[in-house]
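There are 2 protein chains.
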Amino acid sequence: MNRKKSDILEAVLETAKGLHAAGAMDQVTLREFDRLCVPPVTALKPLEIKRIRTQSHVSQAVFAALLNTSLSTVQKWEIGQKRPTGAALKLLHLVKKQGLEIVA
Amino acid sequence: MNRKKSDILEAVLETAKGLHAAGAMDQVTLREFDRLCVPPVTALKPLEIKRIRTQSHVSQAVFAALLNTSLSTVQKWEIGQKRPTGAALKLLHLVKKQGLEIVA
DNA sequence: GCAAACTATAGCACTAAGTGCTATATATAG
DNA sequence: CTATATATAGCACTTAGTGCTATAGTTTGC
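Chains as they are written, first to last, in numbering that gives the first Met the number 0: chain A, 0 to 103; chain B, 0 to 103.
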């Protein structure tokens with residue numbers, strides 16, 4: 000389940016900060032990354048993206064502004080002409096699960 | 000101040016949901032967008048990006064994975080070879096202000 | 001001590017995302 | 001009726017994002 004994995008991630012990040020403060024660790028590296036179990040960021044279909052926006056009850060223009068992207072880009076996402084990747088896809092997943100309020 | 004603006008945004012989004020449920024409004028459009036006062040997403044210098052990561056105490060590889068981007072991209076951000084824009088820049092600002100835990 | 005794996009910087013080259021602009025159709029506000 | 005806003009559509013350009021390889025320094029484990 001995702002909640003559990005996220006809890007692990009948060010715990011590790013918190014622990015890293017604590018250990019760093021104690022001078023026992025400088026950072027979380029790839030070595031302990033497998034324990035983090037990052038939630039998978041799957042591809043989003045055009046209609047899924049549109050649903051994320053409409054469920055927030057904002058227009059394409061407002062949605063674009065809140066995500067710091069262009070109107071043209073949001074339109075192409077929803078029509079399937081371009082597909083969001085990387086950080087954009089991650090941000091969309093965050094909005095999907097946590098609501099548009101997180102970008103405030 | 001940003002907190003106040005964000006409060007307005009959250010209030011409008013919440014209100015929109017409420018009005019929609021009541022059948023009085025379908026979505027927030029550009030017409031009332033000026034009232035939203037979206038917090039500006041300024042460009043981030045290479046060293047600022049590096050600080051955001053190091054303050055989270057994670058390696059470039061882990062940081063990249065958490066943002067759903069590539070190691071190569073994070074490296075180029077920090078060296079100034081490429082500059083994050085759009086959704087990527089927004090996500091970095093979110094991490095800067097709210098911590099890496101939000102991507103969990 | 002030595003080898004294997006990880007971190008970070010660097011450079012090359014390609015693809016496609018992101019962007020801007022224009023046009024059209026529909027709907028809404030004044 | 002006129003202005004403005006929403007949404008879809010298409011064209012063309014720039015550059016972010018990605019992958020790969022190499023080098024050097026650091027850490028882990030045998």
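All C-beta atoms, glycine included, are put in the ideal place defined by N, C-alpha and C.
Residues of chain A with CB under 9 Å from residue i, in chain order?
{"i": "ILE101 (chain B)", "result": "LEU93, GLN97 and ILE101"}
Which same chain residues, not among the five before or five after residue i, have their C-beta less than 7 Å away from its C-beta?
{"i": "VAL40 (chain B)", "result": "LEU88, LYS89 and HIS92"}
{"i": "ILE78 (chain B)", "result": "PRO45"}
{"i": "LEU66 (chain B)", "result": "LEU90 and VAL102"}
{"i": "GLU9 (chain A)", "result": "none"}
Using a Cβ cut-off of 8 Å, pull out every chain A residue sitting near residue i, in sequence order please.
{"i": "THR41 (chain B)", "result": "Neighbours of THR41 (chain B) on chain A: none; closest Cβ ~10 Å, over 8 Å."}
{"i": "LEU46 (chain B)", "result": "Those do not exist, as LEU46 (chain B) stays about 17 Å from chain A at its closest Cβ, beyond 8 Å."}
{"i": "GLY79 (chain B)", "result": "What GLY79 (chain B) touches in chain A: nothing, since even the nearest Cβ is about 18 Å away."}
Looking at the unbroken alpha helix (DSSP H) that takes in residue i, where does it start and where does it end?
{"i": "PRO45 (chain A)", "result": "45-53"}
{"i": "PHE71 (chain B)", "result": "As written in the sequence, residue 71 (chain B) is Ser, which differs from the Phe given in the question. SER71 (chain B) -> alpha helix (DSSP H) spans 70-78."}
{"i": "GLN26 (chain B)", "result": "First-last for GLN26 (chain B): undefined, no H or E at that position."}
{"i": "ALA63 (chain A)", "result": "59-65"}
{"i": "VAL107 (chain A)", "result": "It is not possible to answer for residue 107 (chain A), since the shown part of chain A is limited to 0 through 103."}
Skipping 5 residues on each side, what residues in its chain have a beta carbon closer than 8 Å to that of residue i?
{"i": "GLY98 (chain A)", "result": "SER55"}
{"i": "LEU12 (chain A)", "result": "VAL27"}
Name the chain B residues whose beta carbon is nearer than 8 Å to that of residue i?
{"i": "ASP25 (chain A)", "result": "HIS56"}
In chain A, which residues lie with their C-beta within 7 Å of the C-beta of residue i?
{"i": "GLU9 (chain B)", "result": "GLU100 and ALA103"}
List the residues of chain B whose Cβ lies closer than 7 Å to the Cβ of residue i, in chain order.
{"i": "LYS75 (chain A)", "result": "Here the premise fails: no neighbours, minimum Cβ distance about 13 Å."}
Taking Cβ-Cβ distances below 8 Å as the criterion, which residues of the region 49-73 of chain B are in contact with chain A? THR53, SER55, HIS56, VAL57, SER58, ALA60, VAL61, ALA64, LEU65, LEU66, ASN67, THR68, SER69 and THR72
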